[in-house]
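Contents: one structure, followed by commentary.
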Amino acid sequence: MSYQETWIEPTELSFPYQDEIRNGESGQGYAMRMALANGMIGLPWVKHALSKTHSAVLDASDAPFLAQWFGASVQLLEFALERLTKGRREQGFRYAGQALGRQYFLTRSFPRVCPNCLRELGHCRIAWDMALTVACVRHRRVLLDRCPSCQRSLSWNRPALDVCSCGFAFEMEDVSVQPTASELFLARVIDQRMGDFGSPEYGHDVASVVDDEAAQALSALLRNLSLDGVMRIVYALATAAMYDLDSQIKRERSSLSKARQTVAIASAFSVKVARLDATVLRTHRPTVLVDLLTDVAASSRASPEDLSFAHSMLGWLMANASRSGWGARHASLSQLELF
Ligand SMILES: [Zn+2]
Ligand SMILES: [Zn+2]
Numbered sequence: 001m002s003y004q005e006t007w008i009e010p011t012e013l014s015f016p017y018q019d020e021i022r023n024g025e026s027g028q029g030y031a032m033r034m035a036l037a038n039g040m041i042g043l044p045w046v047k048h049a050l051s052k053t054h055s056a057v058l059d060a061s062d063a064p065f066l067a068q069w070f071g072a073s074v075q076l077l078e079f080a081l082e083r084l085t086k087g088r089r090e091q092g093f094r095y096a097g098q099a100l101g102r103q104y105f106l107t108r109s110f111p112r113v114c115p116n117c118l119r120e121l122g123h124c125r126i127a128w129d130m131a132l133t134v135a136c137v138r139h140r141r142v143l144l145d146r147c148p149s150c151q152r153s154l155s156w157n158r159p160a161l162d163v164c165s166c167g168f169a170f171e172m173e174d175v176s177v178q179p180t181a182s183e184l185f186l187a188r189v190i191d192q193r194m195g196d197f198g199s200p201e202y203g204h205d206v207a208s209v210v211d212d213e214a215a216q217a218l219s220a221l222l223r224n225l226s227l228d229g230v231m232r233i234v235y236a237l238a239t240a241a242m243y244d245l246d247s248q249i250k251r252e253r254s255s256l257s258k259a260r261q262t263v264a265i266a267s268a269f270s271v272k273v274a275r276l277d278a279t280v281l282r283t284h285r286p287t288v289l290v291d292l293l294t295d296v297a298a299s300s301r302a303s304p305e306d307l308s309f310a311h312s313m314l315g316w317l318m319a320n321a322s323r324s325g326w327g328a329r330h331a332s333l334s335q336l337e338l339f
């Protein structure tokens, strides 16, 4: 009997092993965990049953089916899956209860894991889906985005939570790269914004932030910002720093190394911003940066802290820009009606 002949409607399916989605668990990770626990081949099976392509990403519209199959509440599942605004990602979207303004704030197709967390918690954490989460605060390690054995990027279609598509099982000791203080700080900020505090002793081991100038500067800049505000400002700082650098920086290619580079550049630049150094912006195209900041201002989702930060950073950039010359070329920017 062929697969087609045994096909039943997705709405009629229900599996014997049922479980609620856990606090801090990624929606896609839940679908993978539950399909595997019920003997199906993980997300490839889930996507097939939902008539999605192999490379598709699950979103909130899939929640009713997953809830029916695996026993989670629709509401909690929707929370843990990407919810598009009127079906269009360009207009922003919600993820884990957070409004986010840019699709690159999420890492959608290239999963990252902390093998230690997978071992201890048995689920994929939702904070790993944020593009700027590059480290695990609990285990003080850089996340794994590449198989230590075959060197390929990890896939959501892998055969188990902690096994690569090549069959290699991640070990806790694998590629235990030491994170920087800024990476740990940012990972903690994102965990906190997403309400995933983890173990009771969580946080005390990021004391190294206190001794690190860049992490301290980031900490001062990001205080009280929403998750969207944090993402925007870190990317804006990195963009500003790129303009400020004499030579072209070689951009990293993989999602994780690109994010690590963004965090490194942004935190180094935040030291200058904190000191209000007379940094010269040698740019002819400040558009990306200004767009990021003015979008904060235009967004109805922005908190008062986001707005006031965007405002002061724009003011600071304008002041420096007029010194460097691009302010003259973009005189209209300083007239911008922001608030
Ligand atoms: Zn971990
Ligand atoms: Zn592999």
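Using the working numbering, the letters of the sequence shown correspond one by one to residues 1 to 339.
Heads up, the beta-carbon is just placed ideally off N, CA and C, and yes, glycines get one too.
From a predicted model like this one, the values you see are computed outputs, not experimental measurements.
Notebook entry, point to check: Looking at the structure shown, is residue 130 part of a helix, part of a strand, or coil, going by DSSP?
Noted result: As a first step, residue 130 is located in the sequence shown; it is residue number 130 there, counting from the start. Three-state DSSP puts residue 130 in a strand.
Check: Is it buried or exposed for residue 42, if we count other Cβ within 10 angstroms and need 16 for buried?
Finding: In the sequence shown, residue 42 corresponds to position 42, counting from 1. Residue 42 comes out buried.
Next item on the list: May I ask you to check if the CB of residue 152 is nearer than 7 angstroms to at least one heavy atom of ligand 2?
Entry: Within the sequence shown, residue 152 is the residue found at index 152, counting from 1. Residue 152: yes, Cβ under 7 angstroms from ligand 2.
Checklist line | Simplified DSSP assignment, three categories, for residue 31 | finding: The count along the sequence shown starts at 1 and reaches residue 31 at position 31. Residue 31 falls in the helix class under three-state DSSP.
Check: Roughly how many angstroms separate the alpha carbons of residue 195 and residue 109, rounded to a whole number?
Finding: The residue labelled residue 195 in the question sits at position 195 within the sequence shown. The residue labelled residue 109 in the question sits at position 109 within the sequence shown. Their Cα atoms are separated by approximately 23 angstroms.
Check: Quick one: Cα of residue 270 to Cα of residue 48, how far?
Finding: Looking up residue 270 in the sequence shown gives position 270. Looking up residue 48 in the sequence shown gives position 48. Between residue 270 and residue 48, the C-alpha separation is close to 46 angstroms.
Check: Which residues bound the alpha helix (DSSP H) around residue 192?
Finding: Residue numbering aside, residue 192 sits at position 192 when the sequence shown is read from its first letter. It spans 181–193 - the alpha helix (DSSP H) in which residue 192 sits, taken as one unbroken run.
Check: Pick out every residue whose C-beta is nearer than 5 angstroms to a heavy atom of ligand 1: which are they, in chain order?
Finding: 114, 116, 117, 136, 138 and 139
Next item on the list: Within the region 45–70, note down every full alpha helix (DSSP H) run reaching 4 residues or more, in order along the chain.
Entry: 63–70
Checklist line | Whole-angstrom distance between residue 162 and residue 230, CA atom to CA atom | finding: Position 230 of the sequence shown, counted from the start, is the residue given in the question as residue 230. Position 162 of the sequence shown, counted from the start, is the residue given in the question as residue 162. Their Cα atoms are separated by approximately 30 angstroms.
Note to self: With H, G and I counted as helix, E and B as strand and the rest as coil, what does DSSP make of residue 114?
What the structure shows: In the sequence shown, counting from the first residue as 1, residue 114 sits at position 114. DSSP places residue 114 in coil when its eight states are reduced to three.
Next item on the list: State the CB to CB distance for the pair residue 113 and residue 154, rounded to an integer number of angstroms; the pair is presumed to be in contact (CB under 8 angstroms).
Entry: Here residue 113 is taken as the residue at index 113 of the sequence shown, counted from 1. Here residue 154 is taken as the residue at index 154 of the sequence shown, counted from 1. With a Cβ gap of about 7 angstroms, residue 113 and residue 154 count as contacting.
Notebook entry, point to check: With C-beta atoms as the reference, is residue 74 less than 8 angstroms away from residue 256?
Noted result: Stepping through the sequence shown from its first residue, residue 74 is reached at position 74. Stepping through the sequence shown from its first residue, residue 256 is reached at position 256. Not closer than 8 angstroms, so no.
Margin query: Only counting the same chain, and skipping five residues up and downstream in sequence, which positions put a Cβ closer than 8 angstroms to that of residue 265?
Written below: In the sequence shown, counting from the first residue as 1, residue 265 sits at position 265. 237, 238, 241, 242 and 249, listed in sequence order.
Item checked: Same chain only: Cβ atoms within 8 angstroms of residue 119, ignoring 5 sequence neighbours per side -> For the purposes of this step, residue 119 is taken as the residue at position 119 of the sequence shown. Excluding sequence neighbours, residue 119 sits near 162 and 172.
Note to self: One question on the structure: do residue 131 and residue 191 come within less than 8 angstroms of each other, judged by their Cβ atoms?
What the structure shows: In the sequence shown, residue 131 corresponds to position 131, counting from 1. In the sequence shown, residue 191 corresponds to position 191, counting from 1. Their beta carbons are not under 8 angstroms apart, which means residue 131 does not touch residue 191 by this criterion.
Next item on the list: Compute the minimum distance between the beta carbon of residue 168 and the heavy atoms of ligand 2, and state whether it is under 7 angstroms.
Entry: Residue numbering aside, residue 168 sits at position 168 when the sequence shown is read from its first letter. Flag set: Cβ of residue 168 near ligand 2.
Notebook entry, point to check: Is it true that the CB of residue 267 sits closer than 8 angstroms to the CB of residue 182?
Noted result: Here residue 182 refers to the residue found at position 182 when the sequence shown is read from its first residue. Here residue 267 refers to the residue found at position 267 when the sequence shown is read from its first residue. Going by C-beta atoms, residue 182 is nearer than 8 angstroms to residue 267.
Note to self: With a threshold of 7 angstroms on Cβ separation, who are the neighbours of residue 14 within its own chain once the five nearest residues in sequence on each side are excluded?
What the structure shows: Stepping through the sequence shown from its first residue, residue 14 is reached at position 14. Same-chain partners within the cutoff: 68 and 69.
Notebook entry, point to check: Cα-Cα, which of 211, 213, 11 and 82 is closest to residue 71?
Noted result: For the purposes of this step, residue 71 is taken as the residue at position 71 of the sequence shown. When only C-alpha atoms are compared, the closest one is 11.
Check: Which word fits residue 9, buried or exposed, when buried means at least 16 other C-beta atoms lie within 10 angstroms of its C-beta?
Finding: Along the sequence shown, read from residue 1 onward, the residue named residue 9 stands at position 9. Classification for residue 9: exposed.
Check: Does ligand 2 have even one heavy atom less than 7 angstroms from the beta-carbon of residue 124?
Finding: Here the question's residue 124 lines up with position 124 in the sequence shown. Answer for residue 124: no, Cβ out of range of ligand 2.
Next item on the list: Grab me the residues of residue 177's own chain with a C-beta within less than 6 angstroms of its C-beta, minus the 5 sequence neighbours each way, in chain order.
Entry: Translated into the one-based positions of the sequence shown, residue 177 becomes position 177. Excluding positions up to five away in sequence, the list reads 142.
Next item on the list: Might you give, ordered along the chain, the residues of its own chain that have their beta carbon closer than 7 angstroms to the beta carbon of residue 213, omitting 5 neighbours on each side?
Entry: Here residue 213 refers to the residue found at position 213 when the sequence shown is read from its first residue. Only 271 meet the Cβ criterion.
Next item on the list: Compute the Euclidean distance between the alpha carbons of residue 260 and residue 187, then round it to the nearest angstrom.
Entry: As a position in the sequence shown, residue 260 is number 260, starting the count at 1. As a position in the sequence shown, residue 187 is number 187, starting the count at 1. Distance between the alpha carbons of residue 260 and residue 187: 11 angstroms.
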